[in-house]
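Numbering (the UniProt record's numbering), first residue to last: 1 to 121.
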C-alpha cells in the first residue's frame, strides 16, 4: 500500500503485520528501526544499512539485492511461520532501546568525536 507521508508513524506501522523494505539505497534505515520498535517482522533488501541493523538475519529477513523471487520466498516464510517471526519482532524492541534511543546515539557520537579530538591533539 502506498499512502504517502504519514504524520503518526507509530499508529501507522502498528496497523500493519510485516514491513517489506525494498529500498535500494538508504543512508540510515530509519523505517526499519521504527518497524522494529513497533514489533513488526521485517523483510528487507540487502543493503549495508539494513544488514547492519538486522545483523545476520538475527532480527529480520534480508533478501538478495533486488531479487524479487528471494523477497517473495522470505515473505512467504515469514507468513508461514508468523508466530515465530512475531516472537523475534517482539524481542527487537530491546535491541532498538539498547542501540537507537536518542541518548544512546548521542553518547555514541560524543565518544566518536572525543576520540577524534584526542587523535588530532
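Ideal Cβ placement from N, Cα and C applies to all residues, glycine included. If you're wondering where the values come from, they're calculated on a predicted model, not measured in any experiment.
At the C-beta level, residue 40 and residue 18 come within 8 Å of one another.
Here the C-alpha atom of residue 7 lies approximately 27 Å from the C-alpha atom of residue 51. According to the DSSP assignment, residue 45 belongs to no alpha helix (DSSP H) but to the beta strand (DSSP E) extending over 42 to 45. Taking each of 21, 14 and 30 in turn and checking the Cα distance to residue 42, the smallest one comes out for 21. By the C-beta density criterion, residue 112 is exposed, having fewer than 16 other C-beta atoms within 10 angstroms. Residue burial annotation: residue 65 is exposed, with fewer than 16 other C-beta atoms found within 10 angstroms of its C-beta. Comparing alpha carbon positions, the residue from 110, 89 and 46 closest to residue 29 is 46. Of the residues 3, 38, 11 and 10, the one whose Cα lies closest to the Cα of residue 89 is 38.
According to DSSP, residue pairing for residue 20 in a beta bridge involves 43.
With at least 16 other beta carbons inside 10 angstroms of its own, residue 32 counts as buried.
For residue 65, the three-state secondary structure derived from DSSP is coil.
Separation of residue 5 and residue 34 (C-alpha to C-alpha, rounded to the nearest whole angstrom) is 14 Å.
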